[in-house]
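Remarks on the structure that follows.
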Amino acid sequence: VHHVFKLEQIEYEKEGVNWAKIAFKDNEDILNLLARGKLSIISLIDEETIYPQGTDETLCNKLTQHHGKNAHYISSTRQGGKQLMFGVKHFAGPVPYDCTNFLEKNRDTFSNDLKAVLSKSENRLIKTIFPIELLNLDDQKRKPSLANQFRKSLETLLAALRKCEPFFIRCIKPNEFKAVHNFDRERVVQQLRYSGMMETINIRKLGYPIRHNFNEFVHRYAAIAPAIEKLHKISEERGDRGNQRALAAKICEIALAGQDYQIGKTKVFLKDEHDMMLEQVRQKLIADRILALQKAVRRYYAERQFERAKKLARWLQQTWTCYAERKAYCEMRHGFRRLQAVYDMQHIDVKKQFYVETLPKLQLLCKGALARRHAKFRPQAIKILQEKGLQYLAWRDVRRHQIRAMKMEELENFRYEEEQRLTPELGPEKAREAAEAAYQERLANLEEEIHEQERQDIANAREKRAGRSGKDYDENGDLEGSTKKERLKRELDPFKSDVQRHNFEKFAAKYFQHGNDASFSDKEIAKSLLNLKSPVDQQAAEALFEIIMRFMGDKDDVETPRSTEKKDDKELKRLDSQYEIMIPVLYPLIAHQLEIKLEEQDDPHERKKKRSIRAKALDRIRAMRKKSVYFEERLKRDNPFREDRALTSLEKVQMISMLGIIRPRLRDEIFCQLCKQLTDHPAKRDKKSKNSEKMEQRQRS
């Protein structure tokens, strides 16, 4: 309480506020009675404890002798000649004390035998509670009494309170049972009184409990005086707050004339009733302004509703006028249509009579023409059906050899990977033998796998045809009812993607190897862009990059001298060089194509000439097929995919596309190489620079 009063006094003196002394209840005398001085209650208890003849009765007599006249001391009494009592009027109320065994408890003796037992205990908990220092039996120094310890603790606490500025958080229990929804008013008031909260509230209430700094006070209550409110807004816009004290004083003069308030150096000090008066005035002004605002808003909504009603009435008038005019027009149009219908009916009757007479003759003529046309085109249709059958057989052979080439490539890759895996464990020779054994074992089942794949392809084709035949198609090949926009949407739906998320530069930085990037390169690559496991694919990728550079003009093509060979030999050599690396797939297709061309020739001389070409081509194909047996040995010596002769643009495109068809694993590599060479190509930069120069010349002109 004294500390709170001192803080209030410092606050008032700091602000230069006139204040009167406040009377409050202090507990300084009670502390002096209990612990301060040589004749305090605690000192007399210690003194009586020292004397061997001291008893509880002598203690009570001595306390009554020295403090009997103290207003805070209650004299000792005897109840039944056995129990001795004395009391102290504390800050919170009187408290009685029983003197029985006071001196014995104050000595706080502990038997040496018990100390010896506890010191020899092996229990961890007992060793923690009673450390060795407390159980030292050789320590002959007299132990201080409990009263002496309490006095020292109290003196230490008071000294600490004087040195600092304490702040307390008062915890109030609503009831003794810690139960919810139970508020004991008497218990709460008792706690507030014992903690000194009542005195603290009284001290604040007798002074000026409501305090505002000038800026907050003016900002909150400037609405009371319109002139001050305008000055406050102007000062806020300018950022000038030097006149806030004068504005606050002016507000107090207007609203609190003749009341007890104080204007400090930085704050305004008010009573509770003053704050209530200001709030009431402020609330009234706010209510008036809210009412005016509501009136304005209601007026705005009423005007807007009136304008809407006005527009709606005009619209209704226009709509009704249009309806009446439209109705008259429709009646007139209906009459003219009936007149037209009568005229058309007569005209149609005339046409009908003409058609009835001429159509039977026309039908006879059409039937004859159709019969003659059918007889003329029947051999051609049979020929087309035969060609389709041959095409299917050629496709079946090509597909079979594609599957065989793919399976053989998988077996070669399996043998290579198996050999690489077993080399650290078994050595090169044994690893090669084990890989060869596994290769032969899987090679024995190759034909069965090829036939199974063919059966699966036929089944898939049948399912596809069956699913397509169950739908109704219009004459354009699309589903009935579908528009051009819907068909375009269906075509583009699978290709919807976020281009920014799939940037080629990000893809190259993540997946390209051997230091390759996403930009254009005028040098050949040493390794493939992507990670290709098969050495055959790696060599093909290197050759592809060279062909792409030659096709785009980034590398000069190979010059070959003019040849004097015949046209047929040139064609055969072109077939030899172009399809040599694709023998397992393309040789049956070449044979079928040559046979079909020979059947189509009508001239015997030309047919004989083509047959000689066919014989040469078949001999060359058989020779190339024999070479394909040693295809893997050739890979170890050089790169068979490279072309050292000059190629046309069509041949380059054909080689790139055919390698992508034969080896599906190279398709991503081909796409990445094309994107790399198109990114930042010098031709694009030159075109941009030329366009910019043209634009500059146009601007100058």
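Residues in the sequence shown are numbered from 50 upward in steps of one, following my numbering.
Don't be surprised by glycine CBs; every beta carbon is placed ideally from N, CA and C.
Check: Check whether ILE221 and VAL237 have beta carbons under 7 Å apart; Outcome: yes
Check: Buried versus exposed, by CB contacts within 10 Å (16 or more), PHE690; Outcome: buried
Check: Spatial neighbours of ALA84 in its chain, beta-carbon cut-off 6 Å, leaving aside the 5 residues before and after; Outcome: ILE91, ARG200 and LEU203
Check: Exposure label - ASN172; buried when at least 16 CB within 10 Å; Outcome: exposed
Check: GLY136 (DSSP reduced to helix, strand or coil); Outcome: strand
Check: Own chain residues within Cβ distance below 8 Å of ARG714, not counting five before or after; Outcome: LEU581, SER583 and ASP586
Check: Limits of the unbroken beta strand (DSSP E) element including PRO473; Outcome: Here PRO473 belongs to no beta strand (DSSP E); instead the alpha helix (DSSP H) covers 321-475.
Check: Burial state of THR368, where buried means 16 or more other Cβ atoms lie within 10 Å; Outcome: exposed
Check: Sequence-distant residues of the same chain with beta carbon closer than 8 Å to GLY86, five excluded per side; Outcome: SER92
Check: Separation of TRP364 from ARG375, as counted between CA atoms; Outcome: 16 Å
Check: Proximity to LEU471 [Cα-Cα], best of LEU460, PHE318 and ALA484; Outcome: ALA484
Check: Helix, strand or coil at ARG511 according to DSSP, with G and I counted as helix; Outcome: helix
Check: Rounded distance between the beta-carbons of LEU167 and PHE151, thought under 8 Å; Outcome: Actually they do not touch by this definition, with Cβ atoms about 27 Å apart.
Check: For ASP78, three-class secondary structure by DSSP; Outcome: helix
Check: Straight-line Cα distance separating GLU380 from LYS401; Outcome: 31 Å
Check: Proximal residues to PHE263 (C-beta, below 6 Å), its chain only, five neighbours per side dropped; Outcome: GLN293, ARG294 and ALA297
Check: Cβ contact check for the region 496-505 and the region 445-456: 3 or more pairs under 8 Å; Outcome: yes
Check: Delimiting residues of the beta strand (DSSP E) encompassing ASP233; Outcome: From DSSP, ASP233 is part of no beta strand (DSSP E); its letter is neither H nor E.
Check: Local conformation of GLN41 per DSSP, three classes; Outcome: Any question about residue 41 goes unanswered here, given that the chain covers just 50 to 750.
Check: Exposure of HIS423, with buried meaning 16 or more beta-carbon neighbours within 10 Å; Outcome: exposed
Check: SER89 burial status per 10 Å Cβ neighbour count (16 or more: buried); Outcome: buried
Check: Proximity below 7 Å, CB of VAL317 to CB of PHE266; Outcome: yes
Check: Residues that HIS261 bridges to, as DSSP identifies them; Outcome: VAL317
Check: Proximity below 7 Å, CB of ASN155 to CB of LEU195; Outcome: yes
Check: Exposure label - CYS721; buried when at least 16 CB within 10 Å; Outcome: buried
Check: Beta-bridge partners of VAL144, as assigned by DSSP; Outcome: VAL137
Check: For VAL702, the nearest candidate out of ASP729, PRO731 and MET598 (CA to CA); Outcome: MET598
Check: Distance, ARG427 Cα to GLU649 Cα; Outcome: Any reading at GLU649 needs caution, since the residue's pLDDT is 46, under 50, leaving its predicted position unreliable; the model's value is listed next. In a straight line, the C-alpha of GLU649 is about 17 Å away from that of ARG427.
Check: With 16 other Cβ atoms within 10 Å as the buried cut-off, status of CYS109; Outcome: buried
Check: As assigned by DSSP and simplified to three states, the class of TYR61; Outcome: helix
Check: Collapsed DSSP secondary structure at TYR122 in the structure displayed; Outcome: strand
Check: Coil, strand or helix - ILE312 by DSSP; Outcome: strand
Check: Whether ALA272 touches LEU334 by CB criterion (7 Å); Outcome: yes
Check: PHE600 burial status per 10 Å Cβ neighbour count (16 or more: buried); Outcome: buried
Check: Coarse secondary structure for GLY519, derived from DSSP in three states; Outcome: Unreliable placement is indicated for GLY519, whose pLDDT of 48 sits below 50; the coordinate value is still reported in the next sentence. Three-state DSSP puts GLY519 in coil, outside helix and strand.
Check: Same chain only: Cβ atoms within 6 Å of PRO468, ignoring 5 sequence neighbours per side; Outcome: The residue you asked about is not Pro; residue 468 is Glu in the sequence shown. So the list reads ALA480, ARG481 and ALA484, once near-sequence residues are dropped.
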